[in-house]
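Participant: First the structure, which I've put down as structure tokens, then a few questions once you've had a look.
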Amino acid sequence: MNWKKIILVGLVAEVAAFIVGNILYLNPWVADIYSASAASYCSKPMEPFGGVGNWLLLMFAGGILSSILLTLLYSYTEKGIKIEPNWKKGLFFGFLFWIVSGLPTAYNTWLLHSYPDLLVAVEAFNGLAGVLMAGAVIGIMYGKIK
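Here's what the structure looks like:
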């Protein structure tokens, strides 16, 4: 197992997914959805974390760990995915990961919590976009780095 490769690929994948996630978050329609739910008891304030900057750093740090683990999982499964080129293989891997992780999380959030339905749907879609981006980057980089 090549840990340097897994960590490097995971870091780059998280940077790409983080950029996509923030672009989606800054979309005026999405920003309005978050603003509308910010006053509800389902949203946690950012101030206890030291404000938006610290909150984003914590989110990025958690994402790095998640993307490294996603890359580790890819390293065990990529030979079984018979799709070429590598970016499509990674995209498919990301989609499968979302099906078994992101979709059930969204469903359970909708079922168990008082989040607005539209917010749950936006989070599910944005999660899919992020993991597809991460998967494509992982597929490309994992295939190129020896």
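The sequence shown begins at 423 in the numbering used here and counts up one residue at a time.
Yeah, the Cβ is synthetic: ideal placement off N, Cα and C, and Gly gets one too.
From Asp539 to Val452, what does the alpha carbon distance come to, in whole angstroms?
Facilitator: Approximately 13 Å between the Cα atoms of the pair.
Participant: Quick one: is Trp425 buried, meaning 16 or more other Cβ sit within 10 Å of its Cβ, or exposed?
Facilitator: The residue in question, Trp425, is exposed, as its Cβ has fewer than 16 Cβ neighbours within 10 Å.
Participant: Just the C-alpha distance for Ser488 and Tyr564, rounded to the nearest angstrom, thanks.
Facilitator: Distance between the alpha carbons of Ser488 and Tyr564: 16 Å.
Participant: Just the Cα atoms here: how many angstroms apart are Ile441 and Glu545?
Facilitator: Computed Cα separation, rounded: 15 Å.
Participant: Give a yes or no on contact between the region 469-483 and the region 506-515, applying the rule of three or more CB pairs nearer than 8 Å.
Facilitator: Contact between the region 469-483 and the region 506-515 is absent, because fewer than three Cβ pairs lie under 8 Å.
Participant: Could you check where the alpha helix (DSSP H) with Glu436 kicks off and where it finishes?
Facilitator: Element bounds for Glu436: Trp425 to Leu448.
Participant: Any chance you could list the alpha helix (DSSP H) runs of at least 4 consecutive residues sitting entirely within the region 458-504, in chain order?
Facilitator: Runs found: 474-499.
Participant: From what residue to what residue does the alpha helix (DSSP H) around Tyr537 run?
Facilitator: No alpha helix (DSSP H) contains Tyr537, which DSSP labels as neither H nor E.
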